[in-house]
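Comments concern the structure below.
In UniProt numbering, the protein residues as written are 1 to 175.
Structural data, given as C-alpha coordinates:
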(Lines of atoms letter the chains of each structure in order from A; the text may use other names.)
(Lines give C-alpha, C1' and ligand atoms only; values in the text may rest on other atoms or scores of the structure.)
Protein backbone atom coordinates (compact mmCIF):
# COMPACT_ATOMS: atom_id res chain seq x y z
CA UNK A 1 0.00 0.00 0.00
CA UNK A 2 1.32 3.41 -0.97
CA UNK A 3 0.57 6.67 0.82
CA UNK A 4 2.85 9.43 -0.46
CA UNK A 5 4.39 8.07 -3.64
CA UNK A 6 3.66 9.51 -7.08
CA UNK A 7 0.55 7.39 -7.65
CA UNK A 8 -1.05 9.18 -4.71
CA UNK A 9 0.61 12.58 -4.86
CA UNK A 10 0.27 13.36 -8.54
CA UNK A 11 -3.50 12.97 -8.71
CA UNK A 12 -4.56 14.26 -5.32
CA UNK A 13 -5.86 17.61 -4.23
CA UNK A 14 -4.05 19.43 -1.42
CA UNK A 15 -6.60 18.11 1.09
CA UNK A 16 -6.16 14.53 -0.13
CA UNK A 17 -2.36 14.92 -0.03
CA UNK A 18 -2.59 16.10 3.60
CA UNK A 19 -4.81 13.14 4.46
CA UNK A 20 -2.37 10.76 2.74
CA UNK A 21 0.52 12.32 4.71
CA UNK A 22 -1.38 11.90 7.99
CA UNK A 23 -2.28 8.32 7.06
CA UNK A 24 1.39 7.64 6.27
CA UNK A 25 2.51 9.04 9.64
CA UNK A 26 -0.09 6.87 11.41
CA UNK A 27 1.11 3.88 9.36
CA UNK A 28 4.67 4.46 10.60
CA UNK A 29 3.63 4.82 14.24
CA UNK A 30 1.49 1.66 14.34
CA UNK A 31 4.39 -0.82 14.21
CA UNK A 32 6.82 1.50 16.04
CA UNK A 33 8.22 -1.30 18.20
CA UNK A 34 8.90 -3.46 15.11
CA UNK A 35 10.51 -0.76 12.97
CA UNK A 36 14.32 -0.77 12.68
CA UNK A 37 15.51 1.99 15.02
CA UNK A 38 17.48 4.20 12.65
CA UNK A 39 14.97 3.88 9.81
CA UNK A 40 12.11 4.78 12.15
CA UNK A 41 13.98 7.86 13.36
CA UNK A 42 14.56 8.93 9.76
CA UNK A 43 11.05 8.13 8.52
CA UNK A 44 9.31 10.01 11.33
CA UNK A 45 11.66 12.97 11.38
CA UNK A 46 10.62 16.43 10.34
CA UNK A 47 13.77 17.09 8.29
CA UNK A 48 13.74 13.96 6.04
CA UNK A 49 10.79 15.21 4.00
CA UNK A 50 11.77 18.88 3.99
CA UNK A 51 12.46 20.06 0.47
CA UNK A 52 14.88 22.83 1.48
CA UNK A 53 17.40 21.16 3.81
CA UNK A 54 20.78 19.82 2.65
CA UNK A 55 20.35 16.62 4.72
CA UNK A 56 17.08 15.69 3.02
CA UNK A 57 17.24 13.58 -0.16
CA UNK A 58 14.45 15.35 -2.09
CA UNK A 59 15.85 16.78 -5.36
CA UNK A 60 19.27 15.25 -4.71
CA UNK A 61 21.14 13.64 -7.59
CA UNK A 62 22.65 10.18 -7.67
CA UNK A 63 26.44 10.22 -7.53
CA UNK A 64 27.15 6.55 -6.80
CA UNK A 65 25.48 3.27 -6.01
CA UNK A 66 27.66 0.68 -4.33
CA UNK A 67 26.84 -2.80 -3.19
CA UNK A 68 28.69 -5.83 -2.04
CA UNK A 69 28.73 -8.93 0.07
CA UNK A 70 30.25 -8.88 3.51
CA UNK A 71 31.51 -11.77 5.57
CA UNK A 72 34.08 -14.51 5.49
CA UNK A 73 34.87 -15.88 2.03
CA UNK A 74 34.06 -19.46 2.97
CA UNK A 75 30.86 -21.26 2.13
CA UNK A 76 30.08 -22.25 5.72
CA UNK A 77 29.96 -18.72 7.16
CA UNK A 78 27.13 -16.24 7.08
CA UNK A 79 27.49 -13.67 4.34
CA UNK A 80 25.19 -10.76 3.63
CA UNK A 81 24.78 -8.00 1.10
CA UNK A 82 24.89 -4.27 1.75
CA UNK A 83 24.00 -1.21 -0.33
CA UNK A 84 25.29 2.33 -0.14
CA UNK A 85 23.81 5.25 -2.07
CA UNK A 86 25.72 8.49 -2.44
CA UNK A 87 23.74 11.58 -3.41
CA UNK A 88 24.73 15.11 -4.25
CA UNK A 89 22.45 17.17 -2.03
CA UNK A 90 20.16 19.58 -3.81
CA UNK A 91 21.52 22.35 -1.56
CA UNK A 92 25.01 21.47 -0.38
CA UNK A 93 27.15 18.55 0.55
CA UNK A 94 26.80 14.83 0.07
CA UNK A 95 24.21 12.46 1.50
CA UNK A 96 25.25 8.87 2.16
CA UNK A 97 22.56 6.26 2.75
CA UNK A 98 23.67 2.83 3.89
CA UNK A 99 21.58 -0.31 4.15
CA UNK A 100 23.77 -2.50 6.38
CA UNK A 101 22.10 -5.83 5.57
CA UNK A 102 20.06 -6.20 2.38
CA UNK A 103 17.61 -9.05 1.85
CA UNK A 104 16.21 -8.06 -1.53
CA UNK A 105 16.33 -5.19 -3.97
CA UNK A 106 14.81 -4.15 -7.25
CA UNK A 107 16.25 -1.34 -9.33
CA UNK A 108 14.02 -0.45 -12.25
CA UNK A 109 14.73 2.31 -14.74
CA UNK A 110 11.90 3.59 -16.91
CA UNK A 111 12.27 3.19 -20.67
CA UNK A 112 11.54 6.88 -21.09
CA UNK A 113 14.42 7.90 -18.80
CA UNK A 114 17.13 7.51 -21.46
CA UNK A 115 19.46 6.14 -18.80
CA UNK A 116 19.13 9.07 -16.40
CA UNK A 117 17.68 8.99 -12.89
CA UNK A 118 17.10 12.70 -12.46
CA UNK A 119 16.36 14.01 -8.99
CA UNK A 120 15.27 11.94 -5.99
CA UNK A 121 11.56 12.65 -6.03
CA UNK A 122 9.59 10.74 -3.38
CA UNK A 123 10.25 7.87 -1.04
CA UNK A 124 8.28 5.86 1.44
CA UNK A 125 9.08 3.45 4.28
CA UNK A 126 7.04 0.37 5.13
CA UNK A 127 7.63 -2.98 6.80
CA UNK A 128 7.43 -6.41 5.23
CA UNK A 129 5.42 -9.19 6.87
CA UNK A 130 8.74 -10.43 8.28
CA UNK A 131 9.40 -7.03 9.89
CA UNK A 132 12.11 -5.91 7.48
CA UNK A 133 12.41 -2.34 6.27
CA UNK A 134 11.04 -1.79 2.77
CA UNK A 135 12.21 1.51 1.27
CA UNK A 136 10.69 2.59 -2.04
CA UNK A 137 12.44 5.43 -3.87
CA UNK A 138 11.02 7.21 -6.91
CA UNK A 139 13.29 9.23 -9.18
CA UNK A 140 12.08 12.14 -11.29
CA UNK A 141 12.82 10.39 -14.58
CA UNK A 142 10.72 7.36 -13.71
CA UNK A 143 13.19 4.98 -12.08
CA UNK A 144 11.87 3.12 -9.04
CA UNK A 145 14.06 1.40 -6.48
CA UNK A 146 12.78 -0.94 -3.79
CA UNK A 147 15.24 -2.04 -1.11
CA UNK A 148 14.39 -4.53 1.63
CA UNK A 149 16.93 -4.26 4.42
CA UNK A 150 17.63 -4.57 8.12
CA UNK A 151 17.83 -0.79 8.62
CA UNK A 152 18.91 2.48 7.01
CA UNK A 153 21.73 4.75 8.12
CA UNK A 154 21.96 8.38 7.02
CA UNK A 155 24.93 10.70 6.95
CA UNK A 156 25.29 14.19 5.54
CA UNK A 157 28.81 15.24 4.62
CA UNK A 158 28.88 19.00 4.32
CA UNK A 159 30.82 21.00 1.82
CA UNK A 160 34.13 22.24 3.23
CA UNK A 161 32.50 25.40 4.63
CA UNK A 162 29.81 23.61 6.68
CA UNK A 163 29.64 21.44 9.79
CA UNK A 164 28.72 17.76 9.57
CA UNK A 165 25.24 16.67 10.63
CA UNK A 166 23.69 13.30 11.15
CA UNK A 167 20.30 12.09 12.21
CA UNK A 168 21.37 12.30 15.84
CA UNK A 169 22.30 15.97 15.66
CA UNK A 170 18.83 17.14 14.62
CA UNK A 171 15.49 16.82 16.29
CA UNK A 172 14.08 13.90 14.35
CA UNK A 173 10.69 13.14 15.75
CA UNK A 174 7.41 14.72 14.87
CA UNK A 175 5.26 16.32 17.51
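Glycine residues also receive a C-beta, built at the ideal position from the N, C-alpha and C atoms. Predicted model only: the values in this text are computed from it and were never measured.
If you compare alpha carbons, which of 129, 68 and 124 is closest to residue 6?
The residue among 129, 68 and 124 with its C-alpha nearest the C-alpha of residue 6 is 124.
Specify whether the region 56-63 and the region 34-42 touch according to this definition: at least 3 beta carbon pairs, one from each stretch, less than 8 angstroms apart.
The region 56-63 vs the region 34-42: no contact.
Counting only the same chain and skipping the five closest in sequence on each side, list residues whose C-beta sits under 7 angstroms from that of residue 116.
Closer than 7 angstroms at Cβ, skipping near neighbours: 141.
Closest by CA to residue 112, which one among 68, 144, 25 and 50?
Among 68, 144, 25 and 50, the Cα nearest to that of residue 112 belongs to 144.
Output yes or no for whether 9 angstroms exceeds the beta carbon distance between residue 181 and residue 97.
The chain is shown from 1 up to 175; residue 181 falls before or after that span and cannot be answered.
List the endpoints of the continuous beta strand (DSSP E) containing residue 82.
Judged by DSSP secondary structure, residue 82 falls within the beta strand (DSSP E) whose first and last residues are 80-88.
Starting from residue 28, follow the alpha helix (DSSP H) in both directions and report where the run begins and ends.
14-29 is the span of the alpha helix (DSSP H), which, as asked, contains residue 28.
Nearest by alpha-carbon distance to residue 139: which of 36, 153, 149 and 122 is it?
Here the closest residue by C-alpha is 122.
Name the residue from 103, 148, 53 and 4 whose alpha carbon lies nearest to the alpha carbon of residue 156.
Nearest Cα to residue 156 within the set 103, 148, 53 and 4: 53.
6 angstroms Cβ shell around residue 50 - same chain, five flanking residues per side excluded
Excluding residues within five positions, the ones whose Cβ falls inside 6 angstroms are 56.
Work out the CA separation of residue 29 and residue 133 for me, nearest whole Å.
Approximately 14 angstroms between the Cα atoms of the pair.
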